[in-house]
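First residue of the sequence shown: 10, per my numbering; consecutive thereafter. Below is one structure, written out as structure tokens; comments come after it.
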Amino acid sequence: MKNLHISEARNHDLSSPSLPTTSLRKRGAARLSFAHSPITSQLFESIRNCSQTSQHLNALILIQFLREQSLCTTNKQINGWTIVPWREQGDLFFRELTSRTPDEFRSLLFGFQSSCKPDTQRRTDISFLTLNVACMPWYRRNHSRLRMQRISYELSKFQADIVALQEVWDSSAQCLLRSDGYSYYNIGHRPFCLFGSDGLVTLSRFPIVHREKLTFSSSFGIEHGVRKGALYSEIVTPSGTIGLFNVHLISSSTFIPHRWAEEIRSKQIRELRDWVSKRSRFGVLPIVMGDLNIDERNRLYQSEVSSDWSDLYRIHNQKSFGATFDPDSNSLARHCTKDKLRLDYILAHKTNPSFAFKCRRVFTRATENGSHLSDHFGVLATLRKGAFGEY
């Protein structure tokens, strides 16, 4: 940022009166304006020229700052620069830029030199955590905000790179989680939704360059009102791009017959599989994680889950059942069943060579007052992958 010369910024104004632009101004002096597609090629060449002139990739650094602010609605000051965000258009622009200059971009974003080609110079371990936090809307009075403060603190200790949360319906809890060391996030805001969102929140220490959401066509009752579904986040990490699917299927505790819930869940998992398949592409590692509400002993697990996906917890814990919903040890889980169930998963597709070298349950211990932080336990996995693009 500091090395970008004012004169260079003045010489690279690509604004167009007919297109939305994003501008950077240095205390009212120089200005760097980027017009969006269809002049991406022209912009790309100008950025390359600017970075070569300054002998640093300063222009790409500016783009990264823009991306960080792409969801803001007002101008923000960063190191003396006023950043005028462009919201959703930033995702598409940032995605294309990173695909055109992967080595240059990664060298800036993750702090390693693009000239260091050996795999040993690159980070290859990425950690994932999923947790249903049971952060219900305000009227449920289940101490959501107090629990979320503690959950946020515990998350900081696990230091997971990517976190998928379910049932985060409290807006203040969403803000709390976003501010706790995770610069990038994806929240499942839905139109015509009972609580404003589907409760899904994805947090990442790495840039989320593309977002999509799925609302299940089959649902019932309050589950239909909250528009449950899946949240897709395309995340650029030092060792490759990850397609992260944060999922929450219909539960069996929503005052509907168990058989109906099973039928709806079967339709939802098939809809999810089709949705994931359509978004799979070369160079992007798909990971599905979340609360599937399908126990490992259920027929749906055998027919729809384990047939195509590697269950990372089961691979590394052959002798432990690993219940994530356990009424025996967790008092918050006693509201709907007496059975121990494994409902929460981190799944990697069987066709890629990436593997987890450790996977365990988290949030299993009660707090000082004897209560757990959620009715579910979480799952934490660390994946070790090959170099960028080798899957």
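Where a beta carbon is used, it is the ideal one built from N, C-alpha and C, also for glycine. Since the structure is predicted, the reported quantities are computational estimates derived from the model, not experimental observations.
Are the CB atoms of residue i and residue j nearer to each other than 7 Å?
i, j, result
"Q277", "S315", "no"
"V371", "Y322", "no"
"L301", "I251", "no"
"Q355", "T133", "According to the sequence displayed, residue 355 carries Ile and not Gln. No. Outside cutoff."
"T211", "N255", "yes"
"K237", "H267", "no"
"L309", "S286", "no"
"A173", "G299", "yes"
"A357", "I296", "yes"
"P216", "Y193", "yes"
Ignore the nearest five residues each way along the sequence and tell me which others in residue i's own chain have a CB closer than 8 Å to its CB.
i, result
"A332", "K349, L350, R351, F386"
"T376", "R159, L382"
"E280", "L223, F225, S226, S227"
Would you list the residues sitting across from residue i in a DSSP beta bridge?
i, result
"M298", "N255, I355"
"N141", "Q175"
"N195", "T211"
"E243", "H219, G252"
"V285", "None, per the DSSP bridge assignment."
"G387", "V371"
"T224", "G238"
What does a CB cutoff of less than 6 Å around residue i pick up in its chain, not counting 5 residues either side in sequence?
i, result
"T8", "The structure shown has nothing for residue 8, since the chain only spans 10 to 400."
"S136", "A169, D170, T391"
"R393", "T133, D134, F366"
"E305", "R351"
"A143", "E176, S383, D384"
"W284", "L223"
Near residue i, which residues of its chain fall below 7 Å by C-beta distance, leaving aside the five closest residues on each side in sequence?
i, result
"I167", "Residue 167 is actually Phe in this sequence, not Ile. Within the same chain, F167 has close Cβ partners L138, V371, L389."
"R343", "P336"
"N195", "T211, I217, R220, L240, S242"
Does the Cβ of residue i lie closer than 6 Å to at least one heavy atom of the ligand SAM?
i, result
"E313", "Within the structure as shown, the ligand SAM is missing, as the structure has no ligands at all."
Q) Per the contact definition of three or more C-beta pairs closer than 8 Å, is the stretch 367-385 in contact with the stretch 154-170? A) Enough Cβ pairs lie closer than 8 Å, so yes.
**Q.** contact_flag[the stretch 239-247, the stretch 214-228] where n(CB pairs < 8 Å) is 3 or more
**A.** With a cut-off of 8 Å, the stretch 214-228 and the stretch 239-247 count as touching, because enough Cβ pairs lie within range.
Q. Which runs of the beta strand (DSSP E), 3 residues or longer, sit entirely within the stretch 300-353?
A. Those beta strand (DSSP E) runs which fall completely within the stretch 300-353 and span 3+ residues are 318-320.
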